[in-house]
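Start counting the sequence shown at 1; every next residue gets the next number (UniProt numbering).
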Amino acid sequence: MSDFDHTSGERSVLSHICLVILETCGLSDLFNWETPDGSDEFHLKILQTLLIVLCFNICFACIAWKVYGPRIVDRFMKPMPSTLLEDLKQGAKFKLAGQGKKLGNTSESTSQPRQTSHQRAGSSKPTKMTDEAKRAGAAALARFDQHQSSIPTMANRSQTVIRNEAMKELALEKSSGVARPGGVKVSAQDSAPVLALNGVYFKCPVATTDVLPEAEIREKIRVFLFEQLNDDKEVTPCYMIHTLNKRDKIDVCVKTLEKYLENILEKPDEEKFQKIRINNRAFQEKVAGLLGVKEFLLASGFELTQIPPSEDSPPEDYYVFNISRLSDARRLLDILLATEPIVPELDRDIKVYAPSENSITSISLSPDFYNITADEVKHEQKLKSEDTERNLMLRTKAMRERDEIRELRRYKYTLIRIRFPDGVILQGTFSVHDKLESVQNFVLSSLVNDWQPFNLTTSTGQKLTESQKSLLELHLVPAVIIHFAWDPEVALDLRRETGVESNTFLNDEMLQLLEELKVTTIMAAETKEGDVAQTLEEKSKPNDYRLTLPFAFQPVPLTALTDEMRSILSEALNKPTVTVSSQNFMRNFNGLAELIGFQYSEIKKASNSEDPTDYLLTEWTKQSGSSIGKLLELLNKIERYDILDDLKPLLTKNSSIAFLPTISSMEIETDETLEARNRARSFGLNYETRADWGAMCSRLKSPLAVSPVKIVFIHNTVWYNPDPIEGLKILQARKMIHYGHNDVPYNFFVCEDGRVFEGRGWDQGGSHTLRYNYVSLSIAMFGNYDEHEVTEAMMDATRTLIEYGVEIGKIDPNYGVYAHCDASVTSSPGKYTLEALKKFPRYHALGDLPASQTLLRSN
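Quick look at the structure:
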């Protein structure tokens, strides 16, 4: 083909393409092209130019989309977030609207006020302006015109006026001693003041079972790793490098060590890669100063030796690689890159509070308590000045939010309190970077019904639903109270199905932690500015003998007090102790006398006698209704915990005189219990029902979630009483009266002589094993079997009881027996019980302990 034909062919194809483009753009008439064959050189140049411009625009658009596409999508194409709260509100309105109404339709009751308001607004007629009003309006217009002509000057002047007014207000506040709200910033701190009182604690199950402050737990980890070096010289150095050094230095060190070993593995014949001079500057800066590096290099195949750099130079320390240990180097490198640091885990420090309205005490503080230094005054003044300057500036919403987040970031931890409808407060400590999901899981693990959905709301009514946002982003810092409520729809369905509204929220494990939340009012001494009051929340001292629930006690007279008890009371109430100051012990003594009912003259007489406590006890014994139980209640009221601690061992031996309930609350025998006892005894069990051992009536309303169960846990009670019946009565009284539990923790008890006592029975959930209380049964050995061996009668009775449960359909034939220590960090059921359990035919029959959720799904 000739050059002319080749050029003509190119022009023809190009002309066809351009003609299509021009027709699409409506520009074909502009060039008078009827066919592409009639094109000349001029048209060809134009077409080439258009194609080049078009291609350039397409490329530019692609590049721009690649760079700015995500922003455009996020700004203009991203779907609006779902308004879950609005949907829930509309759903609630729909349910409350009644039959025959629809959302969006206004009822007569709502439309009528609107009509009235419109009529009222429409009925107002303009009044005729008077001459004075007209003159005032004209003067206002004149002033406005004058203002418009001097806008620049007035703008500057108004800025000055605003600044002067602000300074005057600050001076006024300073002279009056009143601080402007939000004007004073607190000093930087890790956590809320209430957390500073209680402490922030950490745990690390790998290194220790203790719960300690952060500095102490890190020291435990360091000691643990150095001790592990004797047993494991390969993995431990990797953990030391990642755990015991700063994060920024760790990254550089790991990359350097990786480079050393990769060079050797890729080029094992290169001798220069097999030596590391210790005095090398790069090695000293990046590697040498980190803990664990020396141990890692020795484990990976390096040997410490001295080599002279040159013939005339003195020898220097080198790490020289042993080429026969290439496999060790490859293995150590893989371990180093895969190792994660051992990080202390924040302990939740779970508290469960039952607020008391009567637990308010007053503490007087001297004026020196509030004195501040001159440096502190200067610092506060500087903060106020900065705050004033900032408030004089016009700031956008984003700027204000950024400043707020900056303030919140001064905290590392936050205290979360969840208030339940029954007034109980669940408290936990969290990192400010924890997700809301961690709080939801924390609440979920504490609930009696961990399958039932619930809602969490703030004090302002805002529903917390964004699970993946951090507590810092949600402004739940540094301390916050969150309100709990069951999901209303599910709760309504449950109420319809069961006919009972559940008023129990926390499981028994959490209720065991229940203690009283006290509010202490701290009053300052009088100053020129007046009295200053400040309130703090603090927990009361735990006390095993707090008797606050409405139970009647046996009226055992005070004459039943032993001489040792009277001596303890007399010594504690007649003189100061370590826990009671000299200026307060007489107040407590007089308070006890007033509670007993003595007059002032009798108090004075008692105080002047040789043994005023003995006088009080003797006189009080004459009164009707006096008992040891009442005395313990009075000691609680005057907060004499030191006396209760001293009485504790004596009361443990003689618990029945103070703690046994009245006969009116006992279980009674029925035809059903009689049949259950006879059936169990016919199977070979020495079986005692609740009525047989004199149990109090249970408050249980939470049946097992699965039936039959596949897991049977074995426990021991630790606490022991030679008389099992008396011991069970005391145990139940302590659980139900002191701690507010619903019943004894276990389903059954087995005693040394082989007798089996019914606890919660076959059908009720227990309070024995966290996460497994409603999917398993528990059998407790009565006593402490870390110290004493279990009897054959106990183990035979336990085995027979389980077989009986299978016989009556309460235990699945393919069950598994597990010890309490298989599910929790505990020594229960004791080492001797554990040895005997290993001989059981179905001990660990299901392999590793199945998760509770798996047991629920399989049922």
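Note that CB positions come from ideal geometry on N, CA and C, so glycine has one too.
query	result
Among Val480, Ala338 and Arg734, which has the Cα closest to the Cα of Gln512?	Arg734
I need the DSSP call for Trp719, collapsed to helix, strand or coil.	coil
To which residues of the same chain is Val320 closer than 6 Å at the C-beta, ignoring the five residues directly before and after it?	Lys275, Glu303 and Thr305
At which residue ranges does the region 399-457 contain complete alpha helix (DSSP H) runs of 4 or more residues, listed in the order of the chain?	436-444
Taking all protein chains shown into account, decide if Pro314 is buried (16 or more other Cβ within 10 angstroms of its Cβ) or exposed.	exposed
Look up Tyr818 in the DSSP assignment and give the residues it is bridged to.	Phe713
Quick one: what does DSSP say Asp251 is sitting in, helix, strand or coil?	helix
Which value, in whole angstroms, describes the spacing of the CA atoms of Leu855 and Lys701?	21 Å
Assign Gly428 to one of two classes, buried (16 or more other C-beta atoms within 10 Å of its C-beta) or exposed (fewer than that).	buried
Whose CA, out of Phe757, Pro813 and Thr769, lies closest to the CA of Ser707?	Pro813
Can you tell which of Tyr411, Glu345 and Asp450 has its C-alpha closest to the C-alpha of Trp486?	Asp450
So, helix, strand or coil for Lys810, using DSSP?	coil
Which residues share a DSSP beta bridge with Val790?	Bridge partners of Val790: none, in fact.
Contact between the region 770-779 and the region 819-829: three or more CB pairs below 8 Å?	yes
Please state whether the Cβ-Cβ distance between Thr236 and Leu225 is less than 8 Å.	yes
Per the contact definition of three or more C-beta pairs closer than 8 Å, is the region 263-272 in contact with the region 339-352?	no
My assumption, with CB atoms under 8 Å, is that Tyr843 sits in contact with Glu789. Please give the rounded CB distance.	That belief does not hold up - the Cβ atoms of Tyr843 and Glu789 are roughly 18 Å apart, past 8 Å.
Identify which residue in Pro724, Ile52 and Glu386 has its Cα closest to the Cα of Phe782.	Pro724
Helix, strand or coil: which one does DSSP assign to Asn507?	coil
Suppose contacts are defined by Cβ-Cβ distances below 8 Å. Is Ala329 in contact with Ile278 by that definition?	no
Under 8 Å, do Lys435 and Ser459 count as touching if we go by C-beta distance?	no
For Ile221 and Lys294, what's the separation of their Cα atoms in angstroms?	19 Å
What do you reckon, are the CB atoms on Ile482 and Thr465 nearer than 8 Å?	no
Is the beta carbon of Leu332 less than 8 Å from the beta carbon of Ser300?	yes
Count the other CB atoms, across all protein chains shown, that sit within 10 Å of the CB of His475; report buried if there are 16 or more and exposed otherwise.	exposed
Over what stretch of residues does the alpha helix (DSSP H) that includes Gln228 continue unbroken?	Glu214 to Gln228
What is the residue span of the alpha helix (DSSP H) that His242 lies within?	Val235 to Thr243
For Glu515, which three-state DSSP category applies?	strand
Report yes if the C-beta distance between Trp762 and Gly816 is below 8 Å; otherwise report no.	no
Take Lys286 as the anchor and find which of Lys810, Asp312, Val223 and Glu258 has the nearest alpha-carbon.	Glu258
Ala479 and Leu426 look like a contact to me (Cβ under 8 Å); what is the Cβ gap, rounded to whole Å?	Not confirmed; about 14 Å, so no contact.
Between Phe56, Gly765 and Tyr353, which has its C-alpha nearest Phe420's C-alpha?	Tyr353
Quick check on Met399: buried or exposed, where buried means 16 or more other Cβ atoms within 10 Å of its Cβ?	exposed
Can you grab the Cα-Cα spacing for the pair Glu214 / Glu497, in whole Å?	49 Å
Less than 7 Å between C-beta atoms, sequence neighbours within five positions excluded: which residues of the same chain meet that for Ser438?	Phe430
May I ask you to report which of helix, strand or coil DSSP gives Gln764?	strand
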